[in-house]
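K.L.:
Supplied in structure tokens, the structure appears directly below.
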Amino acid sequence: MALEKAIDILKIADAKKRSVIGFDAFNLESIAWIIEVAEEEQIPVILMLYPAMKNIIPFSTFAAVTKNLTAKVKVPVALMLDLSPDFETSMEAVKAGFTSIMIDHSHLDFEQNVLKTREVVKACHSMDIDVEAELGYVGIASRENDYKNTDNFTSVELAVEYLERTGADSLAVSIGTAHGSYVSAPNLDLERLESINAVVNAPLVLHGGTGVPETQLKAAFTRGINKLNLATGYNLKMYAETKKVVEEQEIRPR
6 MALEKAIDIL
16 KIADAKKRSV
26 IGFDAFNLES
36 IAWIIEVAEE
46 EQIPVILMLY
56 PAMKNIIPFS
66 TFAAVTKNLT
76 AKVKVPVALM
86 LDLSPDFETS
96 MEAVKAGFTS
106 IMIDHSHLDF
116 EQNVLKTREV
126 VKACHSMDID
136 VEAELGYVGI
146 ASRENDYKNT
156 DNFTSVELAV
166 EYLERTGADS
176 LAVSIGTAHG
186 SYVSAPNLDL
196 ERLESINAVV
206 NAPLVLHGGT
216 GVPETQLKAA
226 FTRGINKLNL
236 ATGYNLKMYA
246 ETKKVVEEQE
256 IRPR
């Protein structure tokens, strides 16, 4: 299949009250593994790349490999730049062949977030690229206050205004998660999520999925979360297995 836009996959997930996984790839092998497993399980997937990874895998290489592998499978695959920090980086990914952009200006005040996000959305929409944006602060899991402090959570009232003014296609919300490995168990604000879902007309996204109790994730899926981002969990397992192989097997230069 040809690459699809993330929003097209998410709209189908929303209609079915389901969630799609957004996987952050970290090398060329992980691109192949993610697509291979998606095909085996016959489930759509959103393949993502952190901006900093372009120093290891250029955007153009990442896009070319993904397109080549996607052409060989029957499941929908989208290619998204994850947590893009600015307009220039977003446009670089679009020109390289990415189908979707996740722009993150959530660290700014509301008005600046709106203005800078709207700039990216306008440019992307003119090229038929969809945009995921973030409202509320999804911080670092090693800092407990980042995911326990409700001041960081997405405002129900502002979520409506934010989507109307930015034109973003999907919305990443802050309801008690963070990026990385948690120092204590997260507790999702499911009531807030349900309230947001009731007033916005866009697929909702949950970042920081690794380490969230399965029961809470399932509850979030029934309350509007259509995309769950995962990276930390499988990255740690990959590193552990690689270390194990290196330590247990003799390394031969030829």
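Under the working numbering, the first residue of the sequence shown is numbered 6, with each subsequent residue one higher. Yeah, the Cβ is synthetic: ideal placement off N, Cα and C, and Gly gets one too.
Give every residue of the same chain whose Cβ lies closer than 8 Å to the Cβ of aspartate 194, excluding the five residues on either side of it in the sequence, and list them in chain order.
P.N.:
Residue mapping note: residue 194 aligns to position 189 of the sequence shown, counting from 1. Around aspartate 194: Thr155, Phe158, Ile180, Gly181.
K.L.:
Does asparagine 60 come out as helix, strand or coil in the three-state DSSP assignment?
P.N.:
Translated into positions along the sequence shown, residue 60 becomes position 55. It is helical.
K.L.:
Hey, glycine 213 and asparagine 234: beta-carbon distance below 8 Å or not?
P.N.:
On the sequence shown, position 208 is the one that residue 213 refers to. On the sequence shown, position 229 is the one that residue 234 refers to. Yes, they are a contact pair.
K.L.:
Run the CB neighbour count on glycine 144, radius 10 Å, all protein chains shown included, and call it buried at 16 or more, exposed below.
P.N.:
Reading the sequence shown from its first residue, position 139 is the one you call residue 144. Glycine 144 comes out buried.
K.L.:
Taking contact to mean at least 3 C-beta pairs separated by less than 8 Å, is the region 97-111 in contact with the region 54-73?
P.N.:
yes
K.L.:
Which residue from Asp91, Glu196, Val210, Val70 puts its Cα closest to that of glutamate 137?
P.N.:
By one-based count along the sequence shown, residue 137 stands at place 132. For glutamate 137, the nearest C-alpha among the options comes from Val210.
K.L.:
Runs of 4 residues minimum, wholly inside the region 25-83: which ones carry the alpha helix (DSSP H) assignment?
P.N.:
DSSP runs (the alpha helix (DSSP H)) wholly in the region 25-83: 33-46, 64-75.
K.L.:
Note down, in chain order, each residue of its chain lying with its Cβ closer than 8 Å to the Cβ of alanine 76, except the 5 sequence neighbours on either side.
P.N.:
Position 71 of the sequence shown, counted from the first residue, corresponds to residue 76. Correct list, in chain order: Met6, Ala7.
K.L.:
Isoleucine 61: buried (16+ other C-beta within 10 angstroms of its C-beta) or exposed?
P.N.:
Within the sequence shown, numbered from 1, the residue matching residue 61 stands at position 56. It is exposed - the Cβ of isoleucine 61 has fewer than 16 other Cβ atoms within 10 Å.
K.L.:
Does the beta-carbon of arginine 197, which I'm using as the reference point, lie nearer than 7 Å to any heavy atom of the ligand GDP?
P.N.:
The ligand GDP is absent from the structure shown, which contains no ligands of any kind.
K.L.:
Which residue comes first and which comes last in the alpha helix (DSSP H) that contains asparagine 118?
P.N.:
By 1-based counting over the sequence shown, the position of residue 118 is 113. It spans 115-130 - the alpha helix (DSSP H) in which asparagine 118 sits, taken as one unbroken run.
K.L.:
Are three or more beta carbon pairs between the region 242-250 and the region 224-231 nearer than 8 Å?
P.N.:
no
K.L.:
Note down the Cα distance separating phenylalanine 115 from glutamine 254, rounded to an integer number of angstroms.
P.N.:
Taking the first residue of the sequence shown as 1, we reach residue 115 at position 110. Taking the first residue of the sequence shown as 1, we reach residue 254 at position 249. Rounded to whole angstroms, phenylalanine 115 to glutamine 254 spans 53 Å at the Cα level.
K.L.:
What span of residues does the alpha helix (DSSP H) with proline 95 cover, start to end?
P.N.:
On the sequence shown, position 90 is the one that residue 95 refers to. Note that residue 95 is serine in the sequence shown here, rather than proline. Note, serine 95: alpha helix (DSSP H), 92-101.
K.L.:
According to DSSP, is methionine 6 part of a helix, a strand, or is it coil?
P.N.:
Position 1 of the sequence shown holds residue 6. Looking at methionine 6 - three-state DSSP - the assignment turns out to be coil, as it is neither helix nor strand.
K.L.:
In terms of alpha-carbon separation, which member of Pro208, Asn240, Lys72 lies closest to serine 24?
P.N.:
Counting from one through the sequence shown, the residue named residue 24 turns up at place 19. By alpha-carbon distance to serine 24, the top candidate from Pro208, Asn240, Lys72 is Pro208.
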